[in-house]
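Trainee: As given, the protein sequences belong to chains E and D, one line each in that order.
With this note's numbering applied, the first sequence covers 85 to 613.
With this note's numbering applied, the second sequence covers 6 to 142.
Every residue gets a Cβ at the ideal spot worked out from N, C-alpha and C, and that includes glycine.
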Amino acid sequence: MSSEIDTDYVIGQDNIQTNVGPFGLDFHNPVFLISGLSVIFLVLFCLIFNEAASSMFGALRPWLTTQFDFVFAIAMNIFVLFCLFLVVSPLGRVKIGGKHAKPEYSYLSWFAMLFAAGMGIGLVFYGVLEPLNHTLSPPLGVPGALDADGNLADAAVAAQAARVGMAATIFHWGLHPWAAYSVVALALAIFCYNKGLPLTVRSAFYPILGKHTWGWPGHIIDSLASLATLAGLATSLGYGASQAAAGMNYVFGIEATTTLKVIIIIAVTALALISVLRGLDGGVKLLSEANMLLALALFLFVLIAGATADIFSIFGTGLVTYVSELPALSNWIGREDTGYFHGWTTFYWAWWIAWSPFVGMFIARVSLGRTVREFVICVLVVPTLVCVLWMAAFGGTAISQMVNDSYMGVQQTIANWTPELSLFAMLEQLPMTTVTSLVGIVLVLVFFVTSSDSGSLVVDTICAGGKIDAPVSQRVFWCCFEGLIAIALLLGGGLASLQALAIATGFPFAIICVAMCYCIYRGLSTEEV
Amino acid sequence: MYSNIMVPVDLAHLDKIDKALRAAADLARHYGATVHYVAVTAAAPSEVAHNPAEFAAKLDSFVAAQASGYGIDARAHPIKSHDPAVDLDETLRDAGDAIDADLIVMASHAPGFAEHVFQAHGGYVASHSDLSVFVVR
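(1) Quick one: grab the DSSP three-state call for LEU283/E.
(2) Can you name, in chain order, every residue of its own chain whose Cβ lies under 8 Å from the Cβ of LYS183/E, other than the five neighbours on each side?
(3) Look at the alpha carbon of THR401/E and the alpha carbon of MET376/E, and state the distance between them as a whole number of angstroms.
(4) Identify the contact partners of ASP65/D in chain E, using a Cβ-Cβ distance below 7 Å as the criterion.
(5) Determine the closest residue to VAL443/E out of ASP110/E, ALA136/E, SER266/E, ARG247/E, with distance taken between C-alpha atoms.
(6) Go ahead and pull the three-state DSSP assignment for HIS218/E.
(7) Taking a cut of 8 Å between CB atoms, which residues from the stretch 545-557 of chain E lie near chain D?
(8) Roughly how many whole angstroms lie between the Cα atoms of ILE100/E and LEU109/E?
(9) Please report the distance separating the alpha-carbon of ALA137/E from that of GLY302/E.
(10) Name the two residues that bound the continuous alpha helix (DSSP H) containing GLY590/E.
(11) Measuring CA to CA, which of HIS133/D, SER113/D, SER132/D, TYR129/D is closest to VAL141/D?
(12) List in chain order: all unbroken beta strand (DSSP E) runs of 3+ residues lying wholly within the stretch 89-166 of chain E.
(13) Tell me the start and end of each unbroken beta strand (DSSP E) in the stretch 48-93 of chain D that is at least 3 residues and wholly inside, in chain order.
(14) For ILE180/E and ILE437/E, what's the separation of their Cα atoms in angstroms?
(15) With DSSP as the reference, label PRO291/E as helix, strand or coil.
(16) Measure the alpha-carbon distance for PHE166/E versus LEU272/E and round it to whole angstroms.
(17) Give a yes or no on whether the C-beta atoms belonging to GLY390/E and THR497/E are separated by under 9 Å.
(18) Does DSSP put SER490/E in a helix, in a strand, or in coil?
(19) Can you check which of these residues, LEU529/E, ALA246/E, ALA264/E, is closest to VAL465/E by C-alpha distance?
(20) Would you call the stretch 195-214 of chain E and the stretch 549-563 of chain E in contact, with 3 or more CB pairs under 8 Å?
(21) Closer than 7 Å, Cβ to Cβ, to anything on chain E: give me those residues from the stretch 84-99 of chain D, in chain order.
(22) Which residue wins for smallest C-alpha separation from ILE398/E, given the options GLU135/E, ALA509/E, ALA245/E?
(23) Could you give the distance in angstroms between the alpha-carbon of ALA385/E and the alpha-carbon of PHE425/E?
(24) Could you check whether the Cβ of ARG177/E sits closer than 9 Å to any Cβ belonging to chain D?
(25) Check for me: the alpha helix (DSSP H) holding VAL404/E runs from which residue to which?
(26) Could you work out which residue in ALA599/E, THR319/E, TYR334/E, GLY331/E is closest to TRP439/E when comparing CA atoms only?
(27) Anything in chain D within Cβ reach of VAL94/E, meaning under 8 Å, just list it in chain order.
(28) How would you list, in chain order, the residues of chain E whose beta-carbon sits under 7 Å from the beta-carbon of ALA2/D?
(29) My output table needs one value for VAL248/E: the three-state DSSP class, helix, strand or coil.
(30) How would you write the range of the beta strand (DSSP E) that PRO13/D sits in, first residue to last?
(31) Taking its Cβ as the centre, do 16 or more other Cβ atoms sit within 10 Å of PRO291/E, making it buried, or is it exposed?
(32) Could you tell me how far apart the beta carbons of CYS603/E and VAL360/E are, in whole angstroms, since I believe they sit closer than 8 Å?
(33) Can you tell me whether ARG286/E is buried or exposed? The criterion is at least 16 other CB atoms within 10 Å of its CB, across all chains shown.
(34) State buried or exposed for ALA315/E, treating a residue as buried only when at least 16 other CB atoms are found within 10 Å of its CB.
(35) On the premise that TRP435/E lies in contact with GLY578/E, defined as a C-beta separation below 8 Å, what is that separation, rounded to the nearest angstrom?
(36) Use the C-beta contact count for GLU420/E: other C-beta atoms within 10 angstroms, 16 or more gives buried, fewer gives exposed.
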């Protein structure tokens, strides 16, 4: 192919191939060691200097998201605009993998896997809480649905609060995060499948770094990406275990002891191991599809048993308000609703960007054979609509329960800040609570399994210098490693510190990912259509 | 006795399968069989090739060299897999069926503890295939 980048670099040339006992290893030097050792160092630091770590990293994240709010806001807006540009530009005709490439996965499997890596867990936990939270205290100076005494405001005010609250939620789960994922995924896919460079984050920067891509600048980018992924996954797993345990406690009355949480982490890791050993098609693809069906079933149940009319109405009004308020919500200058802008928006932006190397790389891996236009539309628009539908059903029902039935159960979980219980508090008002709550718990746990599996795949590929056929024992290693970190931090304290650090990596990546837009443009300009 | 011999090859580690290649060629000459060289790749770039087309070209030139070197009838079968590190065994088994092979000659790495957890490819194919399998150690 003429568009291929001519480089002397051979994939795996910096790799160390050795045997440790009976296991064959094939990893990149020095990315594997830097990522592995720095994670171990950081975990030990969080465990031993618990308080110092918590005050240091705990302050770092809010400092970044308040002082550099504009960096996150500008970066995310650039991602959205760049993606929209690609849809209308002639560059959108370029096909990932060259003009003769064919898609490896059907649309359904592909969509299922988009959610498996990045967003599934969040949708289950925040689908109920966030729309109601923003209805209670909407951004942009709009009055909330409850007055200062906790009484319901009049119908017009409550309806406006619900509309803006829904729009404010869609803003965090819609075009912006998926644009960030699209940029990273597209950059990696183009430079891997079209340009012949290894499937690793550094390859996307070849137009800027040239041969330095294979030197220290590249080592740093790859190490940072795998560090962010590992720390993010392990802390999510730790928190996820607490949340699942709290859910079990709420629904079944099982005491949420530390032992139960450790058992959950071990069970999720064990299932992820089985999935890892079964490979991409037999493991994560299969689980993602199964989980998509389960999520669809729960969604349809809520749609039918919940406040059906209100759900459809909030879907429409929320979407319209989202479009009309998009400029105001995206603006970073002179914001007075800092509680929303810093506490929610910028926090989410940092979070999505920190996850983007992981999710982006996984999406890149499964997106061969799609044109750029098809890719951007499918990764940007379809997941956004799915998120809006989901939020409308789950959040819309919770809002309706409060506004129409004066049910304050979900509002209580916000007041007490127990987001893991919001879903169950909402389901409590619908029929078959035990069954649906159980489905909710299974849904979350399976999303954790698919995250852990796809995360191990991504970290292993990065740490093997872009080699996707490195020994499977390495994926097993990363999968166990994540589980062990989660258990260590759960028992020793420090989940919050390491998670704050993981989110803080969103700051350098925000800048790195803007550079990626330029690299994508350069890369696409030399492609045949 | 044999007319289609399948030989899985790892283009990145040809040095390690020399014995299996010789054994396959000797058998092919003896029985007048065709040797089918099967190599598996993912769509993503690997240490062997930047894309599947280049991979196929490399396999072709390898097979041509085997054919002229040993004086045998040889064919190349480049096969794409989504996740070769895991799917290799099944991919090879399916390839054997598609080629209608009656004998597989393949190299295996030394067996050890890890193979109880992670199948050695030769061992898996030998125990999950109806064909005769000649595992060359």
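Mentor: Taking the definition as stated:
(1) In the first sequence, counting from the first residue as 1, residue 283/E sits at position 199. Coil.
(2) In the first sequence, counting from the first residue as 1, residue 183/E sits at position 99. Answer for LYS183/E: GLU612, VAL613, listed in chain order.
(3) In the first sequence, the residue the question calls residue 401/E occupies position 317. In the first sequence, the residue the question calls residue 376/E occupies position 292. The alpha-carbon atoms of THR401/E and MET376/E are separated by roughly 26 Å.
(4) Stepping through the second sequence from its first residue, residue 65/D is reached at position 60. Chain E residues near ASP65/D: none, gap ~17 Å exceeds 7 Å.
(5) Residue 443/E sits at position 359 when you count from the first residue of the first sequence. Residue SER266/E is the option with its Cα nearest to VAL443/E.
(6) Here residue 218/E refers to the residue found at position 134 when the first sequence is read from its first residue. Looking at HIS218/E - three-state DSSP - the assignment turns out to be helix.
(7) GLY550, LYS551, ILE552, ASP553, ALA554, PRO555, VAL556, SER557
(8) Along the first sequence, read from residue 1 onward, the residue named residue 100/E stands at position 16. Along the first sequence, read from residue 1 onward, the residue named residue 109/E stands at position 25. So the alpha carbons of these two residues sit roughly 8 Å apart.
(9) Reading the first sequence from its first residue, position 53 is the one you call residue 137/E. Reading the first sequence from its first residue, position 218 is the one you call residue 302/E. In a straight line, the C-alpha of ALA137/E is about 28 Å away from that of GLY302/E.
(10) Here the question's residue 590/E lines up with position 506 in the first sequence. Run containing GLY590/E: 590-609, per the alpha helix (DSSP H) assignment.
(11) What you label residue 141/D is simply residue 136 of the second sequence in a count that begins at 1. That would be SER113/D, whose Cα lies nearest to the Cα of VAL141/D.
(12) 99-104, 107-112
(13) 78-85
(14) Within the first sequence, numbered from 1, the residue matching residue 180/E stands at position 96. Within the first sequence, numbered from 1, the residue matching residue 437/E stands at position 353. Roughly 23 Å separates the two Cα atoms.
(15) The sequence position of residue 291/E within the first sequence is 207, counting from 1. In the structure shown, PRO291/E sits in a helix (DSSP, three-state: H, G or I).
(16) Counted from its first residue, the first sequence places residue 166/E at position 82. Counted from its first residue, the first sequence places residue 272/E at position 188. Straight-line Cα distance between these residues: approximately 16 Å.
(17) Residue mapping note: residue 390/E aligns to position 306 of the first sequence, counting from 1. Residue mapping note: residue 497/E aligns to position 413 of the first sequence, counting from 1. Not in contact: GLY390/E and THR497/E (Cβ atoms no closer than 9 Å).
(18) Here residue 490/E refers to the residue found at position 406 when the first sequence is read from its first residue. Of the three classes helix, strand and coil, the one that applies to SER490/E here is coil, per DSSP.
(19) Here residue 465/E corresponds to residue number 381 of the first sequence, with the count starting at 1. Of the listed residues, the one whose Cα sits closest to VAL465/E is ALA264/E.
(20) no
(21) HIS87, ASP88, PRO89, ALA90, VAL91, ASP92
(22) Counting from 1 along the first sequence, the entry for residue 398/E is found at position 314. Of the listed residues, the one whose Cα sits closest to ILE398/E is ALA245/E.
(23) As a working mapping, residue 385/E is identified with position 301 in the first sequence. As a working mapping, residue 425/E is identified with position 341 in the first sequence. Checking the sequence shown, residue 385/E turns out to be Phe, not Ala. C-alpha separation (whole angstroms): 33 Å.
(24) Residue numbering aside, residue 177/E sits at position 93 when the first sequence is read from its first letter. No, because no Cβ of chain D sits closer than 9 Å to the Cβ of ARG177/E.
(25) As a working note, residue 404/E is residue 320 in the first sequence. Its alpha helix (DSSP H) spans residues 392-414.
(26) Indexing the first sequence from 1 puts residue 439/E at position 355. Considering only alpha carbons, the answer is THR319/E.
(27) Position 10 of the first sequence, counted from the start, is the residue given in the question as residue 94/E. Under the 8 Å cutoff, chain D gives GLU52.
(28) Chain D is shown from 6 up to 142; residue 2/D falls before or after that span and cannot be answered.
(29) Locating residue 248/E in the first sequence gives position 164, counting from the first residue. DSSP places VAL248/E in helix when its eight states are reduced to three.
(30) For the purposes of this step, residue 13/D is taken as the residue at position 8 of the second sequence. Its beta strand (DSSP E) spans residues 9-13.
(31) For the purposes of this step, residue 291/E is taken as the residue at position 207 of the first sequence. Under this definition PRO291/E is a buried residue.
(32) Along the first sequence, read from residue 1 onward, the residue named residue 603/E stands at position 519. Along the first sequence, read from residue 1 onward, the residue named residue 360/E stands at position 276. Actually they are not in contact, since the Cβ atoms of CYS603/E and VAL360/E sit about 31 Å apart, beyond 8 Å.
(33) Residue mapping note: residue 286/E aligns to position 202 of the first sequence, counting from 1. Burial call: buried.
(34) Numbered from 1 along the first sequence, position 231 holds the residue referred to as residue 315/E. Label assigned to ALA315/E: buried.
(35) Against the first sequence, residue 578/E aligns to sequence position 494. Against the first sequence, residue 435/E aligns to sequence position 351. About 19 Å; that fails the 8 Å criterion.
(36) Walking along the first sequence from the start, residue 420/E turns up at place 336. It is exposed - the Cβ of GLU420/E has fewer than 16 other Cβ atoms within 10 Å.
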